[in-house]
Each structure stands twice: as C-alpha cells, then as structure tokens.
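Residue numbers (my numbering): 526 to 774. Glycine residues also receive a C-beta, built at the ideal position from the N, C-alpha and C atoms. Only one structure is covered here, and it is reproduced in the block below.
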Amino acid sequence: MGIQLNFKSYKGIRLSETHPFAQIVLALEGGLELEANGKGGRLDKGQGAFIAPGIRHSQQARDNNRFLVLDCDWSAIDAPLAEHLAQHIFISISPATRQLIGFAEALQQEETLPFDTLSSQWTQLLMTSLAGSVPYSRLARLATRIEASLDQPWTVQDMAEYACLSPSRLHAVFKTELNMSPQEWLTMARLRKAQYWLTHTNMPVAELSQRAGYSDQSALTRAMRHMTDETPAAYRRRQRELRSKIQEV
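And the structure:
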C-alpha cells in the first residue's frame, strides 16, 4: 500500500471498524464524532485523528463533511513519530498543519496531484507537524496540570505563571501551537472532559459539571448547547445508544 491519499465524506453511523494500516483523518469541511480505543472526540478543522493499525473505532456524522484521509503502511511512517502519535489519537491542528492540508487540497482541486512522487516527503512533513501539537509541545506540562484540576478557577495569569511565561507570551505560544487563545483551549478542555464523563460514567450531571470547572449544571448546559446544540442529558443518551449499537456488532 505505501501511502494512499483520499478525499472522503461520511454519512450516518459506522460501527466498530478496524484496519491493518494506520490512518490520518483531517477535516476539510464539517465534522465527525469518533470513538477509538476508548477515547471519544469530534474531528473538525481544529482537531484531527491518528488511528494506529488494529485500533477499533466507530464514527457518526450528523452534518455535511469532507475529509482528507491518508491510509499508510506502518512501515512507511517514521517509527518514533508513529509511536508518539498513536498514544494520543486526537491531535490539535496547528497553522502549519493546516497549510499542508491546504496544499494537498489545492493540488487535488487542480487535478494535478503528483502523489506518487510527493507522498513520502509530504506525509513526513505532515506527521512532524502533527507531532508538534501533542506532548513534545511546550504546553504539555501546563495542559496536563490543568486537565488534572479543571475544577479550579484557572485564569490566564495562573496559566502563565505555571508555564513560567508572561500572559502575552502564553497567548503567543497558544496561538502558534494550537491556533487558539488560552481561554478558548480551557473552554474546550472542560467541555471534552464533561463529554467524556457523560459518555463513560454514571456520574450525576450536577457533579460532573462542577468537576469539569462549571459553576453549576446550567453553565454546562449553556456551553453544550452553544457548542453542540445538545443538552448534557441528550448527549449522554445519544452516546449510550451509539455504544449499545457498537456492542451489538
């Protein structure tokens, strides 16, 4: 196989798939909910996925979407980078990665995609760019600390002090590495944690809201309605239905 580049759209639910090759999934338009190896998340322009060979995964598409998908022989990928990415699955998309994605998309639209000759070099650049968004990152220590204490009232000043940076420098690093502000990242981290607990635990919504850093259940409900158009209860119900279908396969 080597490396194969495809442009795909997904519809409905696809349950419990595995494949013998690695796969990189990057959004061009719309989004897709993915569960892989016990981890759940949404793929969109801000977050992609690296799925190692043999990892069982399921996905659900609820809107129009278009993705750049690379199917890669494990042996065709630089081993340290592949092993590093395989530990994380969900990967923030940096400006550098977005430029590489745009390059491939532009070539495809012009119908001049010379991927037989460019695939190895381009994929290596892409992998290196993706790896820079997960814990080789300068923000890894800070992210780990915050995710372990989301219930604390983190401010930008608190985050900057922990990272040993000035607030302005912290903003610059977040913008460079994650293409978002510290507060935007904190908002997404809290929402992802709440969604994880809604999916994988029976914790009462009021309790998980506070543990994820929301002042009360109403605050989480407002955040989820804004980001996903669902209430916590509706999200939990839909995720349980999806997991039930997966287990039936």
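Rounded Cβ spacing between residue i and residue j (contact assumed at less than 8 Å)
i	j	result
residue 496	residue 703	This structure cannot speak to residue 496, because the chain is shown only from 526 to 774.
residue 695	residue 684	6 Å
residue 767	residue 583	7 Å
residue 543	residue 587	With 8 Å as the limit, residue 543 and residue 587 do not qualify as a contact, their Cβ atoms being about 23 Å apart.
Residue i vs residue j beta-carbon contact at 8 Å
i	j	result
residue 590	residue 560	no
residue 565	residue 687	no
residue 593	residue 629	yes
residue 547	residue 574	no
residue 759	residue 737	no
residue 633	residue 699	no
residue 556	residue 568	yes
residue 667	residue 622	no
residue 764	residue 733	no
residue 528	residue 595	yes
residue 730	residue 707	no
residue 756	residue 746	yes
residue 551	residue 602	no
residue 585	residue 538	yes
residue 597	residue 653	no
Strand pairing of residue i, partner residues [DSSP]
i	result
residue 564	561
residue 586	537
residue 750	The partner list for residue 750 (beta bridge, DSSP) is empty, contrary to what the question assumes.
residue 591	554
residue 576	548
Residue i, DSSP secondary structure in three states
i	result
residue 571	coil
residue 581	coil
residue 731	helix
residue 628	helix
residue 675	coil
residue 553	strand
residue 542	strand
residue 530	strand
residue 548	strand
residue 690	coil
residue 765	helix
residue 596	strand
residue 617	strand
residue 660	Residue placement at residue 660 is flagged as unreliable, the pLDDT there being 49, under the threshold of 50; the coordinate-derived value follows with that caveat. If DSSP states are grouped into helix, strand and coil, residue 660 belongs with coil.
residue 683	helix
residue 709	helix
residue 760	helix
residue 726	coil
residue 702	helix
residue 739	coil
residue 612	coil
Heavy atom of the ligand NAP within 7 Å of residue i beta-carbon
i	result
residue 740	Annotation note on the ligand NAP: not contained in the displayed structure, which lists no ligands.
### Query
If we count Cβ pairs, one from each stretch, closer than 8 Å, do we get three or more for the region 613-633 versus the region 690-703?
yes
### Message
Measuring CB atoms only, is the region 736-756 touching the region 669-684, in the sense that at least three cross pairs come out at less than 8 Å?
### Response
yes
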